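Enquirer: Sending over a structure as structure tokens; questions will come in a sec.
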Amino acid sequence: KQEVTQIPAALSVPEGENLVLNCSFTDSAIYNLQWFRQDPGKGLTSLLLIQSSQREQTSGRLNASLDKSSGRSTLYIAASQPGDSATYLCAVSNSGYALNFGKGTSLLVTP
Amino acid sequence: ETGVTQTPRHLVMGMTNKKSLKCEQHLGHNAMYWYKQSAKKPLELMFVYNFKEQTENNSVPSRFSPECPNSSHLFLHLHTLQPEDSALYLCASSLGTLQAGNEQFFGPGTRLTVL
Chain C
1 KQEVTQIPAA LSVPEGENLV LNCSFTDSAI YNLQWFRQDP GKGLTSLLLI
51 QSSQREQTSG RLNASLDKSS GRSTLYIAAS QPGDSATYLC AVSNSGYALN
101 FGKGTSLLVT P
Chain V
112 ETGVTQTPRH LVMGMTNKKS LKCEQHLGHN AMYWYKQSAK KPLELMFVYN
162 FKEQTENNSV PSRFSPECPN SSHLFLHLHT LQPEDSALYL CASSLGTLQA
212 GNEQFFGPGT RLTVL
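Protein chains in written order, with the working numbering: chain C, 1 to 111; chain V, 112 to 226.
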């Protein structure tokens, strides 16, 4: 059974810092990996999708990398802003439809 | 309306009530999903429908009954729930399978409280 772990569980940084969120998974036979953002009590917003054949994806200040063989992904956020405060979720797919989620990293960016 | 919408956004019900959650997607997708998000636990997949046919039932108790009348609408019928069923219920959709490289898009969720 696929297990997804996200470290750290919580992170607090001052505005302007660059930061890295980590995701690891136990079964490397994945189709793709998705990073999501979730604001308190709200749904999920898709940030980046990395296919199994890709090494990284970029969107604005976000960069996600994938090392499938070692079962790891990182989400890099450049020049963090208070509006980046949210929970960041990593999810991997091993089957046609199911996404396996980690518990998330709760990020607080202070002004 | 665009994207994935869910109604109601908040629901409080007693253990003997019957209620339904509704999800609608305006993305032209063919697959729809129900997820449960409980405090301190990862999101759990409950049901998957592809072209209106149920393709996955992740060992969900029968007090949760899904219905998918067409590719744009998905319902979750609730009856005789337990307090531990209180959670955020999220609906999602995708054009096709994850294997084919499709993203899942999520709705805002229904916050359910069972008294």
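C-beta: ideal position from N, C-alpha, C; glycine also. Please read these numbers as outputs of a predicted model, since none were measured by experiment.
Can you find a C-beta in chain C that's less than 8 Å from the C-beta of V/PRO180?
Expert: Locating residue 180 of chain V in the second sequence gives position 69, where the first residue counts as 1. So no, V/PRO180 is outside the interface.
Enquirer: So, is the C-beta of C/ALA29 closer than 8 Å to a C-beta in chain V?
Expert: Taking the first residue of the first sequence as position 1, residue 29 of chain C is located at position 29. So, not an interface residue.
Enquirer: Considering Cα atoms alone, identify which of V/LEU206, V/GLY125, V/LEU154 is closest to V/MET143.
Expert: Indexing the second sequence from 1 puts residue 143 of chain V at position 32. For V/MET143, the nearest C-alpha among the options comes from V/LEU206.
Enquirer: Which residues, taken in chain order from the region 92–106 of chain C, show a beta carbon closer than 7 Å to some beta carbon of chain V?
Expert: Listed in sequence order: SER93, GLY96, TYR97, ALA98, LEU99, PHE101, GLY102, LYS103.
Enquirer: Quick one, which residues of the region 12–44 of chain C are near chain V if we go by CB-CB under 8 Å, in chain order?
Expert: Answer in chain order: TYR31, ASN32, GLN34, PHE36, GLY41, LYS42, GLY43, LEU44.
Enquirer: Which complete beta strand (DSSP E) runs does the region 14–60 of chain C hold, if anything under 3 residues is left out?
Expert: Segments of the beta strand (DSSP E) lying fully in the region 14–60 of chain C: 19–25, 32–38, 44–51, 56–59.
Enquirer: Give the single residue among C/SER106, C/LEU62, C/LEU108, C/ALA91 whose Cα lies nearest to the Cα of C/ASN100.
Expert: On the first sequence, residue 100 of chain C is found 100 positions in, with the first residue counted as 1. If we check each option's Cα against that of C/ASN100, C/ALA91 comes out closest.
Enquirer: Could one say the Cβ of C/SER46 lies closer than 8 Å to chain V's Cβ atoms, at least one of them?
Expert: For the purposes of this step, residue 46 of chain C is taken as the residue at position 46 of the first sequence. It does; some Cβ of chain V falls within 8 Å.
Enquirer: Which residues in the same chain have their Cβ closer than 6 Å to the Cβ of C/SER128, if we skip the five residues on either side of it in sequence?
Expert: Residue 128 of chain C falls outside the range modelled here, since chain C spans only 1 to 111, and no answer is possible.
Enquirer: Between V/ARG222 and chain C, is there a C-beta pair that is closer than 8 Å?
Expert: Start at 1 with the first residue of the second sequence, and residue 222 of chain V comes out as number 111. Chain C contact via Cβ: present.
Enquirer: Hey, V/PHE186 and V/PRO177 are a contact pair by Cβ (cut 8 Å); roughly how many whole angstroms apart?
Expert: For the purposes of this step, residue 186 of chain V is identified with residue 75 of the second sequence, where counting begins at 1. For the purposes of this step, residue 177 of chain V is identified with residue 66 of the second sequence, where counting begins at 1. Contact holds; Cβ gap of about 7 Å.
Enquirer: Just tell me which of V/SER149, V/GLU167, V/THR116, V/LEU154 has its CA closest to the CA of V/PHE208.
Expert: Your numbering for residue 208 of chain V matches position 97 in the second sequence. Before going on, a small fix: residue 208 of chain V reads as Thr here, not Phe. Cα-wise, what sits closest to V/THR208 is V/GLU167.
Enquirer: Contact check, C/GLY71 vs C/PHE25 under 8 Å by CB: the rounded distance?
Expert: On the first sequence, position 71 is the one that residue 71 of chain C refers to. On the first sequence, position 25 is the one that residue 25 of chain C refers to. Between C/PHE25 and C/GLY71 the Cβ distance is about 5 Å, and since that is below 8 Å, they are a contact.
Enquirer: To the nearest angstrom, how far is it from the Cα of V/LYS133 to the Cα of V/SER204?
Expert: What you label residue 133 of chain V is simply residue 22 of the second sequence in a count that begins at 1. What you label residue 204 of chain V is simply residue 93 of the second sequence in a count that begins at 1. If I take the Cα positions, the gap works out to 13 Å.
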